[in-house]
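**Student:**
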Amino acid sequence: MGFFRFIGSFLTTVGNHVKAVLLIVFIIWLFTPNEGTISEPYNLAVVSLSGEINDGREVLKELKDIYDDYSIKGVLFEIDSPGGAMTTSVEIAEMVKLVKSRKPVVSYASGSLASGSLYSALWSSKIIVNKASLVGSIGVIFDGINYRELADKIGIEPQVSKAGKFKEAGTGAREWLPFERAEIDRLTKESYKMFVSDVAEARNLDLNRSEEWAEARLFLGVEAVEIGLADEVGTRISAEDDLIALSGVHAPVFQKEDEFEAFVKSISSKFLGEFLYQFDYKLR
């Protein structure tokens, strides 16, 4: 019964946190002066990728809207992320590649440009990093927990009806069988192979020397430039200057994010990220 009390307490805590977050957002919205929804026109967009990469729909929509908007002449892609879901990282990378076919995309690593976030930025027109940024961590991990002993102690017996030899591969209800582990290892290695191959192609690196820049190694920004994972060391200001030069605009105006929207976005990503991050295989 202690286990079920714990679960009940946990769900109550989660519910209370959700209510608290919604209450804070509502109060701030209620007392925020309404000055209209018309924003200042801009010709250089700013897209942020921060925290763990889980649900990338918002970033993908921003990039697609920028691609379709001919009044926007370039994109500053500001990144501070340790990585996350592989599928989402690949989606973002392909969208960046699409946008770059029409207008320049300058990625700036204000913090971490690691694993999935590096994947996301691969096809940028230029990658600029803070000299102290953590860059690299080109690797793939598929992890989980074996809760069999806990289930036995509290009297829970999993019941399964399945069709397909590998349908339970990755289950937490028991130790993985040898053929299941072999299949997971195969999937992980194939994903890693794809990641390394894409990095080599996008960054013009020697695939035969991937042990020098891959293998989940992390590099400081200055080292990342030396080995070719980034183009130059710089700052947010120098990244803006590079984008202005690449876009060719004579009167540059950068997009300014609404402060309230930024606040809500920050709360949402931090709150949901802890839950969503557990349900996909990761680049980290």
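Residues 17 to 300 in the working numbering are what the sequence shown spells out, letter by letter.
The beta-carbon is built from N, C-alpha and C at its ideal position, and this holds for glycine as well.
Output the distance between the C-alpha atoms of residue 179 and residue 99, rounded to the nearest integer angstrom.
**Tutor:** 34 Å
**Student:** Only counting runs of 3 or more residues, tell me where the beta strand (DSSP E) segments fall wholly within the region 104–160, in order along the chain.
**Tutor:** 121–130, 142–145, 150–152
**Student:** Report the three-state DSSP secondary structure of residue 171 (helix, strand or coil).
**Tutor:** coil
**Student:** Specify whether the region 161–170 and the region 136–144 touch according to this definition: at least 3 beta carbon pairs, one from each stretch, less than 8 Å apart.
**Tutor:** no
**Student:** Verify whether the separation of the beta carbon atoms of residue 270 and residue 92 is less than 9 Å.
**Tutor:** Yes, the pair counts as a contact, with Cβ atoms nearer than the cut-off.
**Student:** Run through DSSP, which three-state label would residue 245 get?
**Tutor:** coil
**Student:** When the Cα atoms are used, what is the spatial distance from residue 186 to residue 228?
**Tutor:** 31 Å
**Student:** Would you say the region 233–242 touches the region 143–163, given that touching needs at least three Cβ pairs under 8 Å?
**Tutor:** yes
**Student:** Can you list, in chain order, the residues of its chain with a C-beta nearer than 7 Å to that of residue 59? Leave out the 5 residues immediately preceding and following it.
**Tutor:** Result list for residue 59: 87, 88, 89, 265, 268, 269, in chain order.
**Student:** Assuming the contact rule is C-beta atoms closer than 8 Å, residue 7 and residue 127 should be a hit. Round their C-beta distance to whole Å, please.
**Tutor:** Because the chain spans 17 through 300 in this model, residue 7 falls outside it and cannot be assessed.
**Student:** Could you name the residues of the same chain whose beta carbon sits closer than 7 Å to that of residue 83, not counting the 5 residues immediately before and after it, in chain order?
**Tutor:** 114, 115, 118
**Student:** Do residue 246 and residue 129 count as a contact pair if the criterion is CB distance below 9 Å?
**Tutor:** yes
**Student:** Measuring straight from C-alpha to C-alpha, what distance separates residue 199 and residue 231?
**Tutor:** 20 Å
**Student:** Is residue 81 helix, strand or coil by DSSP?
**Tutor:** It is helical.
**Student:** Are the Cβ atoms of residue 181 and residue 249 separated by less than 9 Å?
**Tutor:** no
**Student:** Could you pull out every residue in the same chain whose Cβ sits closer than 7 Å to the Cβ of residue 259, ignoring the five residues on either side in sequence?
**Tutor:** Beyond the five residues adjoining it in sequence on each side, residue 259 comes within less than 7 Å, by CB distance, of 60, 90, 92, 120, 122 in the same chain, given in chain order.
**Student:** Nearest-angstrom Cα distance between residue 107 and residue 171?
**Tutor:** 42 Å
**Student:** If you reduce the DSSP assignment to three classes, tell me which class residue 222 lands in.
**Tutor:** coil
**Student:** Return the chain-ordered list of same chain residues with a C-beta closer than 6 Å to the C-beta of residue 226, the five sequence neighbours on each side being excluded.
**Tutor:** 212
**Student:** Is it buried or exposed, residue 70, if we count other Cβ atoms within 10 angstroms and call 16 or more buried?
**Tutor:** buried
**Student:** How about residue 215 and residue 124: do their beta carbons lie closer than 9 Å?
**Tutor:** no
**Student:** DSSP three-state call for residue 92: helix, strand or coil?
**Tutor:** strand
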